[in-house]
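Novice: Using my numbering, you'd call the opening residue of the sequence shown number -4 and step up by one each time.
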Amino acid sequence: MHLEYEHAAASGLRHYVSAVAEELGCSGEAYYAHLDPPPAYAYLALDDRLSDHPGQDTALVWNEHDGWAVAIETTAGHELSVVRYLGAELLPPPPEVARFVDEVFAGRAPDAAPAGTTDGAKVRQHLATYAIPYQERATPRPGRPVEQARRRPAH
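Listed below in structure tokens is the structure:
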């Protein structure tokens, strides 16, 4: 088991979904994401409702097999029914995901097939690239930094 790798993938998924939420203008923790148990999954509640489904809540969902999709909640049990898949790329840049959501609500999103992948290890490797590595902060020290110190030429 590679805990460091798994941690990076889980952290990457949270950062990636958070960036998508930010692109959409979602405030606070308006999303849910998990890596384990598989399949990796994310859910973002959307405030707006689709004009052809006015009585149903909408969500943006992602999973490691199908990629992003806009879905509606079909029952009180919160079962989801996909309205449109983004298709093509499994982990597109967050601005592309936000444009897709805008197009779905404007009624202009093409009908796409799911991204379609079954390589969970490759997905986790890609998610790990979104992880923000821990960086230790430098302790401030009195005086000028070495690179700014003036040196006298040797005589």
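Even for Gly, the Cβ is constructed at its ideal location relative to N, Cα and C.
Measuring alpha carbon to alpha carbon, tell me which of Leu85, Phe95, Pro90 and Pro89 ends up nearest proline 109.
Specialist: Minimum Cα distance to proline 109 is reached at Leu85.
Novice: When the distance is taken between beta carbons, is glycine 102 closer than 8 Å to glycine 82?
Specialist: No, they are not a contact pair.
Novice: Could you check if glutamine 53 is buried or exposed, using at least 16 other CB atoms within 10 Å of its CB as the buried criterion?
Specialist: It should be pointed out that residue 53 corresponds to threonine in this sequence rather than to glutamine. When all chains shown are included, threonine 53 counts as buried.
Novice: With 16 other CB atoms within 10 Å as the buried threshold, where does glycine 50 fall?
Specialist: Exposed, since its Cβ has fewer than 16 Cβ neighbours within 10 Å.
Novice: Please state the DSSP three-state secondary structure of serine 13.
Specialist: Helix at serine 13.
Novice: Considering only the beta carbon of each residue, do valine 12 and alanine 37 sit closer than 8 Å?
Specialist: Yes, the Cβ-Cβ distance between valine 12 and alanine 37 is below 8 Å.
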